[in-house]
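Peer 1: Just dropping this structure here.
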Amino acid sequence: MRKNYDSKFERSYMKTIAIYQRKGGVGKTVTAVNLSQGLNLLGLKVLLVDFNEQADCTRYFVDDKKINMGMDNLITIDTKAELDKACAECLIHTECGIDLIGTHENKLKESFIRIQFDSKMEQTKRLLKVLKRFRASYDICVIDCHNSEDLMFLNICLSADIILAPSKTDDGSIAGLYSLYQYITDIASEDNYDRKIDLKILFTMVNRNNDDKEKIADIESDPLFHGKVLSTKIRYQAKPITKMSLEHGFVIAHSDKYNVGMDYKRLATEILDILTRG
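The numbering used here applies: residue -1 is where the sequence shown begins, and numbers increase by one.
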């Protein structure tokens, strides 16, 4: 059941949350899907965008081969009239109430290669140009992102209000956080971008052992990440996550049964509180 969330946030422009981590296997798509549904259940109008080469988020709802217009198509359109028409046609209205802009598997990189080698095409704000078409219609946009550090990621940084980085406690994921922090800092320091990028860290697949607790505490105490680690932690429960993924369901819908479902419910509330505070 959807709730009505009475706040100033609902009357402001669409806020954009990009789910990104350089390291794979940290639960980006699961987080994108369940966070979107959690915010939807809180009464917000949610746009979910698949900006990932693998198109997993798209296939969660539909067959990517059956969609006519995806994000890989939209970012290559230059003329206003064509883009307005394409944006009106691209939306997939899902049964759960989330609207989706899908993508075709292995096509996003091809689109960006075309953009990079065409000197007449604007490079860095292709994604932002598309999302602006939806700002008046949605409260929240959640983007499931490809784990690249190229022009695709620069487009993400220039479009997002928050970059939400899911992370496990393994060395590769932690290294990915430091790399991401440096990349965001470099972009924010560029005069021509003039963009404030808010990084938030979500620890996922967390075990109840002292090793995980100590690694999380180390990141929380690092001055670089002060105030950036979310209080919500997603506990490790492989069985329900796998079950819901195979069934194309939402683990958040079973928060009374699974701890991981309750964790994603808390995540949606925490993210909404952050955005409401501005």
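Ideal Cβ positions, reconstructed from N, Cα and C, are used throughout, including at glycine.
Run through DSSP, which three-state label would residue 279 get?
Peer 2: The structure shown does not extend to residue 279, since the chain spans only -1 to 276, so no value can be given for it.
Peer 1: Could you give the uninterrupted runs of the beta strand (DSSP E) lying entirely in the stretch 35 to 75, keeping only those of 3 residues or more?
Peer 2: If we require 3 residues or more, the beta strand (DSSP E) runs fully inside the stretch 35 to 75 come out as 44 to 49.
Peer 1: Based on Cα-Cα distance, which residue from 176, 206 and 153 lies nearest to residue 233?
Peer 2: Within the sequence shown, the letter at position 235 stands for residue 233. Cα-wise, what sits closest to residue 233 is 206.
Peer 1: What separation, rounded to the nearest whole angstrom, lies between the Cα atoms of residue 6 and residue 275?
Peer 2: Position 8 of the sequence shown, counted from the start, is the residue given in the question as residue 6. Position 277 of the sequence shown, counted from the start, is the residue given in the question as residue 275. Residue placement at residue 6 is flagged as unreliable, the pLDDT there being 46, under the threshold of 50; the coordinate-derived value follows with that caveat. Residue 6 and residue 275: Cα-Cα distance of roughly 9 Å.
Peer 1: Measuring alpha carbon to alpha carbon, tell me which of 139, 109 and 119 ends up nearest residue 89.
Peer 2: In the sequence shown, the residue the question calls residue 89 occupies position 91. Out of 139, 109 and 119, 139 has the C-alpha closest to the C-alpha of residue 89.
Peer 1: When you compare only the Cα positions, how much space is there between residue 193 and residue 97?
Peer 2: Position 195 of the sequence shown, counting from 1, holds the residue named residue 193. Position 99 of the sequence shown, counting from 1, holds the residue named residue 97. Each residue's Cα considered, the two are about 27 Å apart.
Peer 1: First and last residue of the beta strand (DSSP E) that includes residue 198?
Peer 2: Taking the first residue of the sequence shown as position 1, residue 198 is located at position 200. Unbroken beta strand (DSSP E) run through residue 198: 196 to 204.
Peer 1: By a C-beta neighbour count over all protein chains shown, 10 Å radius and 16 as the cutoff for buried, is residue 112 buried or exposed?
Peer 2: The residue given as residue 112 occupies position 114 in the sequence shown. Counting Cβ neighbours within 10 Å, residue 112 comes out exposed, since fewer than 16 surround it.
Peer 1: Quick one: using the 10 Å Cβ neighbour count with 16 as the cut-off for buried, is residue 136 buried or exposed?
Peer 2: Sequence index remark: in the sequence shown, residue 136 carries index 138 (1-based). By the 10 Å Cβ count, residue 136 comes out buried.
Peer 1: Can you give me the Cβ contacts of residue 13 inside the same chain, cut-off strictly under 8 Å, excluding the 5 residues immediately before and after it?
Peer 2: What you label residue 13 is simply residue 15 of the sequence shown in a count that begins at 1. The residues are 7, 137, 138, 139, 159, 160 and 273.
Peer 1: To the nearest angstrom, how far is the alpha carbon of residue 151 from that of residue 174?
Peer 2: Translated into positions along the sequence shown, residue 151 becomes position 153. Translated into positions along the sequence shown, residue 174 becomes position 176. Approximately 14 Å, taken between the alpha carbons.
Peer 1: Go through its chain and collect everything with a Cβ distance to residue 82's Cβ below 8 Å, but skip five positions before and after it.
Peer 2: Counted from its first residue, the sequence shown places residue 82 at position 84. Hits under 8 Å: 131.
Peer 1: Taking Cβ to Cβ, would you say residue 280 is nearer than 7 Å to residue 126?
Peer 2: Outside the shown range of the chain (-1 to 276) lies residue 280, about which nothing can therefore be said.
Peer 1: For the beta strand (DSSP E) containing residue 161, list its first residue and its last residue.
Peer 2: Start at 1 with the first residue of the sequence shown, and residue 161 comes out as number 163. Start and end: 160 to 165.
Peer 1: Among 44, 117, 25 and 102, which has the Cα closest to the Cα of residue 34?
Peer 2: Translated into positions along the sequence shown, residue 34 becomes position 36. Comparing Cα-Cα distances from residue 34 to each of 44, 117, 25 and 102, the minimum goes to 44.
Peer 1: Considering residue 270, what are the terminal residues of the alpha helix (DSSP H) in which it resides?
Peer 2: Here residue 270 refers to the residue found at position 272 of the sequence shown. Note, residue 270: alpha helix (DSSP H), 257 to 275.
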